[in-house]
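Asker:
In full-length UniProt numbering, the protein residues as written are 1 to 150.
1) Residues bridged to residue 148 by DSSP?
2) If you count every other CB in all the chains shown that lies within 10 Å of the CB of residue 52, and 16 or more means buried, which is it?
3) Which runs of the alpha helix (DSSP H) at least 4 residues long sit entirely within the stretch 58-124? Give them in chain order.
4) Compute the Euclidean distance between the alpha carbons of residue 67 and residue 127, then round it to the nearest angstrom.
5) How big is the Cα-Cα spacing for residue 124 and residue 100?
6) Helix, strand or coil for residue 126 per DSSP?
7) Please report the straight-line C-alpha distance between residue 109 and residue 74, rounded to a whole angstrom.
8) Can you pull the DSSP bridge partners for residue 135?
9) Go through its chain and collect everything with a Cβ distance to residue 139's Cβ below 7 Å, but skip five positions before and after it.
10) With burial defined as no fewer than 16 other Cβ atoms inside 10 Å of the residue's Cβ, what is the status of residue 96: buried or exposed?
11) Determine whether the beta carbon atoms of residue 152 and residue 76 lie at a separation below 8 Å.
12) Relative to the C-alpha of residue 130, which residue among 112, 104, 86 is closest?
13) With 16 as the cutoff for other CB atoms within 10 Å, does residue 78 come out buried or exposed?
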């Protein structure tokens with residue numbers, strides 16, 4: 001089976017100084033349900049990056065680890081590693097034929113902005129990315145997941 005891959009810019013700009021209406025940015029054509037037809041539908045879902053599933057995993061992980069905490073510089077490395085590792089663990093339990101890349105940035109709320117950009121060479125029919133932003137009174141946590149079908 002020949003897979004069509006192309007350079008797909010997936011740029012995200014997050015201004016952490018103001019709360020945006022939509023805190024999450026996701027890129028994947030497969031957000032829309034596949035064409036009806038039970039076998040095709042199940043096969044498509046098995047081979048696509050499902051943004052809703054990934055977003056829920058990331059939000060649940062962040063909330064489980066960071067809710068109730070106050071920003072402490074000495075704990076940021078531990079927190080960001082734990083968020084990334086637990087997201088990867090939960091994503092692997094989806095039992096999908098994907099490789100995942102998870103990045104986690106935690107920063108103190110000081111009024112500074114954060115801007116990120118990425119570009120990916122992938123199959124836009126199956127692969128995708130999702131960025132989830134979480135915050136409390138003292139910190140921001142931004143997690144990006146890239147899902148690449150194998």
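Heads up, the beta-carbon is just placed ideally off N, CA and C, and yes, glycines get one too.
Bear in mind that the values here come from a model prediction, so they are computed numbers and not experimental data.
Answerer: On the basis of the supplied data:
1) 99
2) So residue 52 counts as exposed.
3) 73-92
4) 30 Å
5) 15 Å
6) The answer is coil: DSSP assigns residue 126 none of H, G, I, E or B.
7) 16 Å
8) 140
9) Correct list, in chain order: 71, 106, 107, 108, 109.
10) Residue environment analysis places residue 96 among the buried positions, since at least 16 neighbouring C-beta atoms fall within 10 angstroms of its C-beta.
11) Outside the shown range of the chain (1 to 150) lies residue 152, about which nothing can therefore be said.
12) When only C-alpha atoms are compared, the closest one is 104.
13) Exposed is the label assigned to residue 78, since fewer than 16 other Cβ atoms lie within 10 Å of its Cβ.
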